[in-house]
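Shown next, in structure tokens, is the structure this report addresses.
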Amino acid sequence: MDITQLILDDHHEQRRLFAILEQVDRADTESLAAVWGRLAAFLEVHAAAEEAIFYPALLRVGIAARRKAGVEDETLDAIGDHNEIRDAVSEAARHPVGSDDWYAAVAGANVANGDHMAEEEREGLTDFRRLAGLQQRHDLAVAFAAYEARNITGVEPVDKDPAAYVSQVEEGAAGVSEGSLRIGGLRNQSASSLSAVRVSWWLSSHVPSTA
Ligand SMILES: [Fe+2]
Ligand SMILES: [Fe+2]
119 MDITQLILDD HHEQRRLFAI LEQVDRADTE SLAAVWGRLA AFLEVHAAAE EAIFYPALLR
179 VGIAARRKAG VEDETLDAIG DHNEIRDAVS EAARHPVGSD DWYAAVAGAN VANGDHMAEE
239 EREGLTDFRR LAGLQQRHDL AVAFAAYEAR NITGVEPVDK DPAAYVSQVE EGAAGVSEGS
299 LRIGGLRNQS ASSLSAVRVS WWLSSHVPST A
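Under the numbering used here, read the sequence shown as residues 119 to 329, first letter to last.
See below:
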């Protein structure tokens with residue numbers, strides 16, 4: 119498995135659920151509420167899983183590869199985007215399903231999520247494939263799938279301050295020195311020893327403790 123593929127798969131499912139919503143008769147509020155309830159919970163769980171597992175790993179491999187500024191920018195953008203998505207989901211909950219205001223809030227969530235997914239796929243996921251080895255991507259995929267499975271019915275949506283989030287992760291990554299991982303380093307080290315180091319970084323501070 120590969121965590122970047124699981125994230126892409128989730129994005130596809132989110133696009134599919136938004137497309138299904140567009141095709142439900144607006145008078146069929148029971149179906150609209152059921153599909154939106156599934157999508158709203160999924161958007162929040164997906165963002166929380168990325169914040170618990172993917173972005174800490176991206177920051178760590180970026181720091182080790184002397185790409186700190188780049189991965190920090192990507193993470194700051196992503197956490198800000200996740201807040202926008204969570205806020206749009208909350209806004210929809212304030213209106214009767216099927217009302218004009220509800221449709222406007224769902225459309226806002228679709229725009230925020232669509233813009234975010236495109237950026238995440240173009241930047242964070244691409245960088246992570248370049249910087250992280252297959253074993254780490256597999257191990258993180260297992261953790262990501264388990265996190266989402268444990269929280270299948272949803273998580274408490276909590277907006278995060280992007281800068282505080284990055285600082286907190288970097289404090290936990292204090293043992294990761296810049297330049298300790300070169301791009302293409304797998305060619306010069308055994309894959310198993312390198313991935314063991316990377317996984318230990320992640321495990322040391324980011325085994326999801328709740329959820
Ligand atoms: Fe995502
Ligand atoms: Fe995301």
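C-beta: ideal position from N, C-alpha, C; glycine also. This one's a predicted model, so the numbers in the text were calculated from it and none came from an experiment.
Does the distance from the C-beta atom of E288 to that of L177 stay below 9 Å?
Within the sequence shown, the letter at position 170 stands for residue 288. Within the sequence shown, the letter at position 59 stands for residue 177. Note that the C-beta distance between E288 and L177 is below 9 Å.
What is the DSSP secondary structure of K278, reduced to helix, strand or coil?
Within the sequence shown, the letter at position 160 stands for residue 278. Reduced to three states, the DSSP call for K278 is coil.
What residues come near ligand 2, if near means a beta carbon less than 6 Å from any of its heavy atoms?
Residues flagged by the Cβ proximity filter: A165, E168, A196, H200, H234, E238.
Figure out for me which residue from E192, G180, I197, G232 has the closest Cα to the Cα of A330.
Outside the modelled stretch of the chain, which goes from 119 to 329, sits residue 330, for which no answer is possible.
What do you get for A292, buried or exposed, if any count of 16 or more other CB atoms within 10 angstroms of its CB means buried?
Within the sequence shown, residue 292 is the residue found at index 174, counting from 1. Under this definition A292 is an exposed residue.
Identify whether R133 lies in helix, strand or coil by the three-state DSSP scheme.
As a position in the sequence shown, residue 133 is number 15, starting the count at 1. R133: helix per DSSP, three-state reduction.
How many Å lie between D120 and G188 at the Cα?
What you label residue 120 is simply residue 2 of the sequence shown in a count that begins at 1. What you label residue 188 is simply residue 70 of the sequence shown in a count that begins at 1. Taking the straight line from one Cα to the other gives about 22 Å.
Run the CB neighbour count on L124, radius 10 Å, all protein chains shown included, and call it buried at 16 or more, exposed below.
Numbered from its first residue, the sequence shown carries residue 124 at position 6. L124 is buried by the Cβ-count criterion.
Does the stretch 222-235 come close enough to the stretch 200-214 that 3 or more CB-CB pairs lie under 8 Å?
Yes, they touch.
Please list, in chain order, all residues of the same chain as R247 whose beta carbon is under 7 Å from its beta carbon, the five residues on each side excluded.
Residue 247 sits at position 129 when you count from the first residue of the sequence shown. Counting only Cβ-Cβ distances below 7 Å, and skipping sequence neighbours, we find T122.
Have a look at Y104 and T271 and give me their C-alpha separation to the nearest angstrom.
A question about residue 104 goes unanswered here, because the residues of the chain that appear run from 119 up to 329.
Round the Cβ separation of A250 and A175 to the nearest angstrom and send it over; I've been treating them as touching at under 8 Å.
Counting from one through the sequence shown, the residue named residue 250 turns up at place 132. Counting from one through the sequence shown, the residue named residue 175 turns up at place 57. That pair is a contact at about 7 Å.
Alpha carbon of G242 to alpha carbon of F172, nearest angstrom
Residue 242 sits at position 124 when you count from the first residue of the sequence shown. Residue 172 sits at position 54 when you count from the first residue of the sequence shown. Rounded to the nearest angstrom, the two C-alpha atoms are 9 Å apart.
Can you tell me which of the three DSSP states A292 falls into?
By 1-based counting over the sequence shown, the position of residue 292 is 174. DSSP places A292 in coil when its eight states are reduced to three.
When A165, Q141, A151 are compared against W220, the one with the closest alpha-carbon
As a first step, residue 220 is located in the sequence shown; it is residue number 102 there, counting from the start. Comparing Cα-Cα distances from W220 to each of A165, Q141, A151, the minimum goes to A151.
Ignore the nearest five residues each way along the sequence and tell me which others in N231's own chain have a CB closer than 7 Å to its CB.
Position 113 of the sequence shown, counted from the start, is the residue given in the question as residue 231. So the qualifying residues of the chain are Q132, L161, I203.
Let me confirm a value: A236 is counted as buried when at least 16 other C-beta atoms fall within 10 Å, else exposed. Which label applies?
The count along the sequence shown starts at 1 and reaches residue 236 at position 118. Per the 10 Å Cβ criterion, exposed.
Go ahead and pull the three-state DSSP assignment for M235.
What you label residue 235 is simply residue 117 of the sequence shown in a count that begins at 1. Here M235 sits in helix by DSSP.
Segment limits, alpha helix (DSSP H) that includes I197
Residue numbering aside, residue 197 sits at position 79 when the sequence shown is read from its first letter. Where I197 is concerned, the enclosing alpha helix (DSSP H) starts and stops at 186-211.
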